[in-house]
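Residue numbers (the working numbering), protein chains in the order written: chain A, -18 to 349; chain B, -9 to 313.
Worksheet: the structure to be examined is printed underneath.
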Amino acid sequence: MIRIERRLRQPKWLLVAVPVGSVVVAFGLMTLVLLATHHPPGHTFRRLFDSGFVGQQSLNATFISATPLLFTGLCAAIAFRMQLFNIGGEGQLYAGAILGAAAGIAVGNHSGWLSIPAMIAAGAIGGAALALVPAILRAFFSTNEIITSLMLNYVGALVINYLIFDSQSYWRDTSSPTARVFPQGKNLPDSASWPVSHVGNLVMPFGLLLGIVIATFIWVLYTRTRFGFEVQVIGDSPRAATYAGMRTRRKILAVMALSGAVAGIGGASQDGDFRHLLDPRGLTSAGYGYAGIVIAALARYNPFAVCLIAFLLGGLQNAGYTLQSADFPSGLVGVMQGLILFSALGGELLVRYRIRFGHRASTAGAAA
Amino acid sequence: MMLAAGGINNSVLVVVLASAVIYGTPLLYAALGELLAERSGVLNLGVEGMMLVGAVMGFWAVQRTGSLALAILVAAVAGGSMALVHAFLVITLRANQIVSGLALTIFAGAAGLSSYLGNDLNLADQPARHAFDPFLPHSWQTAHIVGPIFFKQSLLVYVSWLCVALVALYLNRTRPGLNVRAVGESPAAADAMGINVQAYRYVHTMVGGAFAGVGGACFSLSITPQWVDGLTAGAGWIAIALVIFAFWRPTFCLVGAYFFGAFSGIPFTFQARGILKGIPPELFQALPYVMTVVVLVLVSTAGARRRLGAPAALGTPYVREER
Chain A
-18 MIRIERRLRQ PKWLLVAVPV GSVVVAFGLM TLVLLATHHP PGHTFRRLFD SGFVGQQSLN
42 ATFISATPLL FTGLCAAIAF RMQLFNIGGE GQLYAGAILG AAAGIAVGNH SGWLSIPAMI
102 AAGAIGGAAL ALVPAILRAF FSTNEIITSL MLNYVGALVI NYLIFDSQSY WRDTSSPTAR
162 VFPQGKNLPD SASWPVSHVG NLVMPFGLLL GIVIATFIWV LYTRTRFGFE VQVIGDSPRA
222 ATYAGMRTRR KILAVMALSG AVAGIGGASQ DGDFRHLLDP RGLTSAGYGY AGIVIAALAR
282 YNPFAVCLIA FLLGGLQNAG YTLQSADFPS GLVGVMQGLI LFSALGGELL VRYRIRFGHR
342 ASTAGAAA
Chain B
-9 MMLAAGGINN SVLVVVLASA VIYGTPLLYA ALGELLAERS GVLNLGVEGM MLVGAVMGFW
51 AVQRTGSLAL AILVAAVAGG SMALVHAFLV ITLRANQIVS GLALTIFAGA AGLSSYLGND
111 LNLADQPARH AFDPFLPHSW QTAHIVGPIF FKQSLLVYVS WLCVALVALY LNRTRPGLNV
171 RAVGESPAAA DAMGINVQAY RYVHTMVGGA FAGVGGACFS LSITPQWVDG LTAGAGWIAI
231 ALVIFAFWRP TFCLVGAYFF GAFSGIPFTF QARGILKGIP PELFQALPYV MTVVVLVLVS
291 TAGARRRLGA PAALGTPYVR EER
């Protein structure tokens, strides 16, 4: 007989042991999937690890993959902490990329000191504006934000396709001869390219550092300010928050806008750091927003943990791209992410409850 | 004979209505399944993932065996087993239903298991060996107006009507159906009545997954009919919205499914006909998503939800010791 009892206290070590255990279990499950589909697990994991984390080249590529994930992970973590399930990070990233690229083109080739802040601000505004749609609907009509924010992802993808493929928009390159045959975005001016920093022989994109700064800001905001305290209370017990006179509606708007703004900056970073034009195909096929949800859940909404896990999942994703071929099918990385998430969810049980084997429950546990 | 009915049957309205039925059918299956799960108190946001796995496995089965019946069975089992993962996590392990459902969609969805299986089983870029085609007598199919809308449809459409009737009867007229509703409204009371809450939730979540799997197979075996990564394109999410839109009632699902189906069908029809040429196709393609948001807003004020019948215990785990 197995009994599940609520824990009265959560031991500190469990908060580390459970995520680590979850990853181990996920790898175990992944082994089963690989065996079932006739792929050698040891070899596959080895290749994944090598092309994700070993060597200068792999690490640089992993930093590039991790940058957008850091932003979308923070985006999800910010909102999820208040039990606001903003899964529109994907669309908010597109919105940020659109406005960020517009700002980059509009400012022109003067100086990075002008272009880069303008792109960051424009990206944040784009993401926040899109996130405010589900936020307003949730705050004033109590419409489920999960579905509305998700539907806007599809709308965002259509908008970005429209701008490049089906219109003569501001973003589209209409001058060069190749662009008439293969529609593509206008190249951003040189001063809109975000700088990189060299740490040893590694290359860190500016966006990655910016993301870490934002993570620190979020951590301070959520743990050291009244605003953050109220967000946590509303998340944990909306009723208590109402009785305490906290203004839930305003918080919904503020938190969603913040969440969207972070994803939007991630979109601007795609323009400035890596792509240097508005790239519909690349952005809409990458699935950054959905990976962000995995990251936030694994990080248990802690911004610093988001940084770490974004790096790990970035490595996984980078390895997935590098290895993609007939013997390493696409979708494998998604399966892996899902399994890690499942294991983490299951592990959550061990943090909140204790499992006892035997017939009689301890009275302390049952009374909780 | 074609000419006789050609005029009116080729009119835009009839074509759009016919496509509403075609594109509404997968939504209808998926929504009926989600409705069963939600009525028992389990919110499953993994519909999109379950549909895609159903679609890919159903397609694999038909390529492998050539039997459509077997393909539907495989799709249902595939969807049901995906739902089992969710059921285990949220019912036994009491995980957060929202996060678990999202995890299921990430795991199984367009960039996950369904894509992996599609690649691994080499299913892309080949036509289906068999597909569900219209099968009623030709003279029925070409009848004025009703022909293309109701008779020029595949077996999946007629079975979906049967399913609506069965689910409605089950929930409203049978003892187990009453028990399901009790489990969804007040699991504690149901438990006191001697109903096995956990078992009811497991069964209905899994049957819901099976329905979603069949819904996905509608794409790969009838509409498309081939396997393409992510071919459901958000239909699973629309189905979840549809359950709310239908006020958790199977019969309303039928109406809602064809309403959303029409919006999914319009872009293809309009594009094929060159209607409203100056307007970008993206505008039509965005319609089903935008309409989902609009409809959701209309039905989602708190008062409306209660009046309209959202199961009271939806989304909350039931733990006997913690009543």
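Note that beta-carbon positions come from the ideal geometry of N, C-alpha and C, so glycine has one too.
Counting only the Cα atoms, residue 13 (chain B) lies some 36 Å from residue 251 (chain A).
Using beta-carbon distances, residue 132 (chain A) counts as an interface residue toward chain B, with a partner under 8 Å.
Around residue 147 (chain A), the beta-carbon contacts reaching into chain B at under 9 Å are 270, 271, 272. Across the set B:57, B:25, B:250, the C-alpha of B:57 shows the shortest separation from the C-alpha of residue 119 (chain B). Looking from the CA of residue 288 (chain B), the closest CA among B:307, B:151, B:252, B:237 belongs to B:237.
In this structure, the CA atom of residue 227 (chain A) is about 29 Å from the CA atom of residue 273 (chain A). At least one CB of chain B lies nearer than 8 Å to the CB of residue 323 (chain A). Using a CB distance cut-off of 8 Å, residue 192 (chain B) does not count as an interface residue toward chain A. The DSSP-derived three-state label of residue -13 (chain A) is strand. The beta-carbon separation of residue 43 (chain B) and residue 203 (chain B), rounded to 7 Å, stays under the 8 Å limit for a contact. In the DSSP assignment, residue 334 (chain A) falls within the unbroken beta strand (DSSP E) covering 334 to 338. Using a Cβ distance threshold of 8 Å, residue 74 (chain A) and residue 53 (chain A) count as a contacting pair.
Proximity of chain A to residue 238 (chain B) at the Cβ level (cut-off 8 Å) is not reached, the minimal Cβ distance being about 14 Å.
Residue contact check for residue 186 (chain B) against chain A: no CB pair falls below 8 Å. For residue 24 (chain A), no beta strand (DSSP E) run applies; the uninterrupted alpha helix (DSSP H) run containing it begins and ends at 22 to 34, by DSSP. Chain A places a beta carbon closer than 8 Å to that of residue 84 (chain B), counting this residue as a contact. Counting along the chain, the unbroken alpha helix (DSSP H) around residue 115 (chain A) starts and ends at 93 to 122. Using beta-carbon distances, residue 148 (chain B) does not count as an interface residue toward chain A, since no partner is under 8 Å. Here the C-alpha atom of residue 97 (chain A) lies approximately 6 Å from the C-alpha atom of residue 173 (chain A). A residue is called buried when at least 16 other Cβ atoms come within 10 angstroms of its Cβ; residue 106 (chain A) meets this threshold and is buried. The C-beta separation of residue 103 (chain B) from residue 50 (chain B) comes to about 13 Å, leaving the pair out of contact by the 8 Å criterion.
By the Cβ criterion, the segment 89 to 105 of chain B is in contact with the segment 312 to 332 of chain A, since at least three pairs of Cβ atoms, one from each stretch, lie closer than 8 Å.
Between residue 200 (chain B) and residue 10 (chain B), the C-beta spacing is not below 8 Å. Contact between residue 153 (chain A) and residue 144 (chain A) holds, with the beta-carbon distance rounding to 7 Å and staying under 8 Å.
DSSP places residue 22 (chain B) in the uninterrupted alpha helix (DSSP H) bounded by 2 to 29. Residues 231, 234, 235 of the same chain have their beta carbon placed closer than 8 Å to that of residue 286 (chain B), with the five preceding and five following residues left out of the count. The straight-line gap separating the alpha-carbon atoms of residue 68 (chain B) and residue 207 (chain B) is approximately 10 Å. In this structure, DSSP gives residue 114 (chain B) an extended state, which the three-state scheme calls strand. A:182 is the residue among A:285, A:182, A:14 whose C-alpha sits nearest the C-alpha of residue 37 (chain A). Contact of residue 142 (chain A) with chain B is assigned, a C-beta pair being separated by under 8 Å.
One finds nothing in chain B with a Cβ atom closer than 9 Å to the Cβ of residue 270 (chain A); even the nearest lies about 11 Å away.
In this structure, the straight-line span from the alpha carbon of residue 253 (chain A) to that of residue 65 (chain A) is close to 29 Å. Short of 7 Å from the beta carbon of residue 190 (chain B), and not among the five residues preceding or following it, lie these beta carbons of its own chain, in chain order: 30, 169, 170, 173.
For residue 0 (chain B), the closest C-alpha among the options B:192, B:271, B:133 is that of B:133. Note: residue 183 (chain A) is bridge-paired with A:180 in the DSSP secondary-structure output. CA-to-CA, the gap between residue 196 (chain A) and residue -7 (chain A) works out to about 23 Å.
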